[in-house]
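The C-terminal residue of the first sequence carries number 478 in the working numbering, and the numbering is unbroken.
Every residue gets a Cβ at the ideal spot worked out from N, C-alpha and C, and that includes glycine.
Working notes for the structure below.
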Amino acid sequence: MKQSELFTKTLREAPKDERSISVQLLIRAGFVDKLAAGVYTFLPLGFRVLEKIQNIISQEIENIGGKRILMPVLVPKTNWQQTGRWKSFKELFKIKGKSDQEYGLGPTHEEVIAPLIQKYVSSYKDLPCYVYQIQTKFRDEIRVKSGILRTREFDMKDLYSFHRDENDLDRYYEKARKAYFNIFKRMGLKNKTYLTLASGGSFSKFSHEFQTITLAGEDIIHICQNCGLAINQEIKKDYPECPECHKKGFKKEKAIEIGNIFKLKTKYTKPFDFEFIDKDGSKKLVIMGCYGIGLTRLMGTIAEVHNDKNGIIWPKKVAPFNTHLIQIGNNNKVKQQAEKLYKDLRKQEVEVLYDDREDKSPGEKFADADLIGIPIRIVISERTFKRDCVELKKRNEKKIKLVKIKYLSQFLSSELKTQNAKP
RNA sequence: CGGGGCGUAGUGUAACGGUAGCACGAGUCCUUUGGGAGGAUUUAGUUCGAGUUCAAAUCUCGGCGCCCCGACCA
Numbered sequence: 056m057k058q059s060e061l062f063t064k065t066l067r068e069a070p071k072d073e074r075s076i077s078v079q080l081l082i083r084a085g086f087v088d089k090l091a092a093g094v095y096t097f098l099p100l101g102f103r104v105l106e107k108i109q110n111i112i113s114q115e116i117e118n119i120g121g122k123r124i125l126m127p128v129l130v131p132k133t134n135w136q137q138t139g140r141w142k143s144f145k146e147l148f149k150i151k152g153k154s155d156q157e158y159g160l161g162p163t164h165e166e167v168i169a170p171l172i173q174k175y176v177s178s179y180k181d182l183p184c185y186v187y188q189i190q191t192k193f194r195d196e197i198r199v200k201s202g203i204l205r206t207r208e209f210d211m212k213d214l215y216s217f218h219r220d221e222n223d224l225d226r227y228y229e230k231a232r233k234a235y236f237n238i239f240k241r242m243g244l245k246n247k248t249y250l251t252l253a254s255g256g257s258f259s260k261f262s263h264e265f266q267t268i269t270l271a272g273e274d275i276i277h278i279c280q281n282c283g284l285a286i287n288q289e290i291k292k293d294y295p296e297c298p299e300c301h302k303k304g305f306k307k308e309k310a311i312e313i314g315n316i317f318k319l320k321t322k323y324t325k326p327f328d329f330e331f332i333d334k335d336g337s338k339k340l341v342i343m344g345c346y347g348i349g350l351t352r353l354m355g356t357i358a359e360v361h362n363d364k365n366g367i368i369w370p371k372k373v374a375p376f377n378t379h380l381i382q383i384g385n386n387n388k389v390k391q392q393a394e395k396l397y398k399d400l401r402k403q404e405v406e407v408l409y410d411d412r413e414d415k416s417p418g419e420k421f422a423d424a425d426l427i428g429i430p431i432r433i434v435i436s437e438r439t440f441k442r443d444c445v446e447l448k449k450r451n452e453k454k455i456k457l458v459k460i461k462y463l464s465q466f467l468s469s470e471l472k473t474q475n476a477k478p
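Written out as structure tokens, the structure reads:
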């Protein structure tokens, strides 16, 4: 993409009513725009990051058998009444149509998926079954917080699994846990993300949350210094020692929940009488699990964790572009060379944001590049032109190196080859 | 939902109850081009409503909106 065609602009200062560092940077760099409290537009750069996040998540979920669908946002009142959540789900946005028909705007989709899968599952032979979607969710939060970290409208991946017994659920739950860590690893969050025991509600002993350490977080977790398992403060009173390794040393940290996995068992199959016929001919309730990841929150968390005083430092796999090509000066030869490089790189499927703006000083271009935070910066100027080189700098490093243009694609392909590790 | 703070131009920030100003941005022209360039010139604003007053950005009341703390968060 040519930067001269990018309609967004960077801001020198953050709007004064945003205090969270991630959203300050995301707004200044032109990734998102705030429409109202907890309601954001994702601009071209931000949308590209969301797409990267989405691709990584769907690859990993497909790897554990998930089949992608898209459920409606409008969910009729009767579905909610069947599980009692029309009354008990306090954040449910409720709307009324012209004919007095009432709907809840989906904040999560157990009430749709359970009766949906029920239509197709009648025998143990139809199980297990794994279905997911990536969709905009609505929750009427009493108070939104920290930019895109807690909003009223957000994108979520929700996966649901259906099983004939709890053992099978347990096996899949483990697979999901591993898939989640793959996802967070690919997004550069692995080192700061902890599997965390949390309340399981009345129907399961625990659920597991994936908590990323950051001061912007709203949860407090206690990390076992021996085995690394964390316990959410909300249930810590029940566990003076680690339930995993039985040691006692814990470290307290603020963290944000970027995902969770939950053994629902029969909580949502029972209200719909969702049964199957087992091998022995008996009817049994289907056992269910659910697994959520907030994509927009994830994007905010990444920006919150990866930044410096000059801007965001996107991990490679979620950056809006692989490379940021910057043309310094408007010398014709330099310009032609930059244009050619832009085309060549795109032919090689290297994603490139090309700063071709003629009315911006070098200093401003560098400052914008740091703010936007693309991993590899490529500079072309008269200086490099004379030597038939380009200048390379990584966003997370200080050193700058000159590379002959003919070797650039070689260099980039080795730099980017880990990009698509998974099919 | 309880408590606190705040609403001035696209962004940031001034103005005793008395002329709404500055910086950045944006437009035009000239010069400039390796870490947010310089000059000239133009552009654009008091959240809304009511009240007090000769006079309100400023005081009072109400609405709307935003931020923060707490409670809440299948």
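For Glu470 and Lys291, the gap between their C-alpha atoms comes out near 43 Å. DSSP, reduced to helix, strand and coil, places Arg103 within a helical segment of the structure shown. Assigned with DSSP and collapsed to three states, Thr269 falls in coil, not helix or strand. Taking the Cβ atoms as the reference, Ile435 lies roughly 6 Å from Val389, within the contact range of under 8 Å. Out of Phe239, Ala358, Ser259, the CA that lies nearest to the CA of Ile76 is found in Ala358. Between His263 and Ser113, the alpha-carbon positions lie close to 20 Å from each other. When only Cα atoms are considered, Asn315 and Leu457 end up about 45 Å apart. Secondary structure of Ala253 (DSSP, three-state): strand. Put simply, of His301, Gln58, Lys303, Phe261 the residue whose alpha carbon is nearest the alpha carbon of Glu289 is Phe261.
Take the alpha-carbon of Ser416 and the one of Lys364: they are about 21 Å apart. The three-state reading of DSSP puts Ala374 in coil, since its state is none of H, G, I, E or B. Between Lys307 and Ile383, the alpha-carbon positions lie close to 48 Å from each other. In this structure, Lys339 keeps its C-beta atom at 8 Å or more from the C-beta atom of Phe329.
By the Cβ neighbour-count rule, Asp155 is exposed, with fewer than 16 other Cβ atoms within 10 Å of its own. Judged by DSSP in its simplified three-state form, Ala92 adopts coil rather than helix or strand. Secondary structure at Tyr462: helix, using DSSP grouped into helix, strand and coil. Under the DSSP definition of a beta bridge, Asp213 partners with Gln188, Gly347.
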